[in-house]
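Note that the numbering used here has the sequence shown beginning at 728, numbered continuously upward.
Read through the structure below, which is laid out as structure tokens, and then see the notes.
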Amino acid sequence: MSSRTSWPCAALANADLADRTTMRVGGRVEWLLEPTTPAELVAAFQACRERGIAPRILGGGANLLIDDGLLAGAVLTTSRLNKLFRAPLETSAAEALDGDENDYSRVAPPERDRNPRFVAWAGSTLPSVVRAASDLGWSGLEGLAGVPGNLGGGVAMNAGGRWGDMWDVVERVRVLDPDGTVRDLARAECSPRYRDGGLGASIVLGAVLAFRVDDPPKVRERVRDYLLEKRRIQPVTEWSAGCIFKNPPAEQSNGRSAGRLIDEAGGKGRSRGDAMVSELHANFIVNRGGATAADVFTLIEDMRDLVRQKTGVELETEVKVWR
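If you want it as structure tokens, here you go:
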């Protein structure tokens, strides 16, 4: 086993993971690595490969369920890669990812900004990106108001909902491939789709986000309206991983969402231990305080079986599972 000082970044041994997820369930990992820059993340990834370890990547902990017990190997967290910059006016999208740090908040936006772009590292939280864009009157990401997690995971899975998706604003992305190669990809090279950024097993290091210039009060109003609506229909203030299942193809479900199928099958309010199907939205499982990963996994299978028996529709999980 490696020592704490042999990693190229901060490292924690036998680290707890539950509190690093939005569901608040899960066990521990042998090594938790905490790089502070994309370069450190690449170095830590290479160090894992040299040790024969295939590291897992942990962002904001949304859309993720971690099993109880001890995970072997290492987890790389992007939580310290929480940087968001204004792209200089003269900088192209390709060059922006290599630019000097420039705190967006220190740059007074012109009346009509000709370069409404952010450069965001993988650990930038989605709420902070939405807030920063709305403060500047940049439109395109309002639909992600209330969506938890970090940019890296949001880009990788094309996070979003009925009002818009992450890739609506992604212009370019920098990724780390499984073989250790760092690549810059234009949007056209990625083919993002529903809940999939089209990046395969590559790790997101950062992205250039391109917006439309709008009136700041109007953008902020849309963010506020979407957030209020989500709070009305989703358990956004409770511990959950987000939507558990993908919406099935319309031709299989007569246009019904996964949440509606579960609701119509009588799934709302069902529980296993302290894990419960939300009364607000049936596609959410909430942790009432003492749930285990085993409780959540069992309840997921309960809902899948219930919908299959009632409708014949096979639900596919949207959340990622670490075992």
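Cβ atoms here follow ideal geometry from the backbone N, Cα and C, with glycine treated the same way.
Would you mind stating whether residue 933 and residue 790 have Cβ atoms separated by less than 9 Å? no
Taking only the alpha-carbon atoms, compute the straight-line gap between residue 793 and residue 971 and give it to the nearest angstrom. 13 Å
The beta strand (DSSP E) spanning residue 812 covers which residue range? 811-813
Please report the distance separating the alpha-carbon of residue 1033 from that of residue 1013. 18 Å
Who are residue 1049's beta bridge partners in DSSP? 793
Less than 9 Å separating the beta-carbons of residue 988 and residue 1042? yes
Note down, in chain order, each residue of its chain lying with its Cβ closer than 8 Å to the Cβ of residue 837, except the 5 sequence neighbours on either side. Any answer about residue 837 is weak, because its pLDDT of 44 lies below 50 and its placement is not dependable; what the coordinates show is given next. The answer is none, since no qualifying residue turns up.
Classify residue 828 as buried or exposed, calling it buried when 16 or more other Cβ atoms lie within 10 Å of its own Cβ. At residue 828, the pLDDT of 46 sits below 50, so the modelled position is not reliable and the matter cannot be decided from this model.
Within 10 angstroms of its Cβ, does residue 955 collect 16 or more other Cβ (buried), or is it exposed? exposed
Which parts of the stretch 847-909 are runs of the alpha helix (DSSP H), unbroken and 4 residues or longer, counting only runs that do not cross its ends? 853-863, 878-884
For residue 816, count the other beta carbons within 10 Å of its own beta carbon; 16 or more makes it buried, fewer makes it exposed. Which is it? Caution is warranted here: a pLDDT of 48 is assigned to residue 816, below 50, making its placement in the model unreliable, and no coordinate value can be reported.
Count the other CB atoms, across all protein chains shown, that sit within 10 Å of the CB of residue 918; report buried if there are 16 or more and exposed otherwise. exposed
Give the secondary structure of residue 1032 by DSSP, where H, G and I count as helix, E and B as strand, and everything else as coil. helix
With the cut-off set at 9 Å, would you say residue 936 and residue 1020 are in Cβ contact? no
Can you check DSSP and say which residues form a bridge with residue 911? 901
Measure the C-alpha to C-alpha separation of residue 1001 and residue 967 and round it to an integer number of angstroms. 12 Å
Roughly how many whole angstroms lie between the Cα atoms of residue 948 and residue 868? 13 Å
Mind checking residue 906: buried by the 16 CB within 10 Å criterion, or exposed? exposed
Report the option in 951, 1037, 963 whose CA atom is closest to the CA atom of residue 991. 1037
By the DSSP assignment, the beta strand (DSSP E) with residue 1013 in it spans what residues? 1011-1014
Could you please give the first and the last residue of the uninterrupted beta strand (DSSP E) stretch that includes residue 970? 966-970
Can you give the Cα-Cα distance for residue 1006 and residue 961, rounded to whole angstroms? 9 Å
What are the residues that DSSP puts in a beta bridge with residue 933? 848, 901
Are the beta-carbon atoms of residue 797 and residue 741 separated by less than 9 Å? yes
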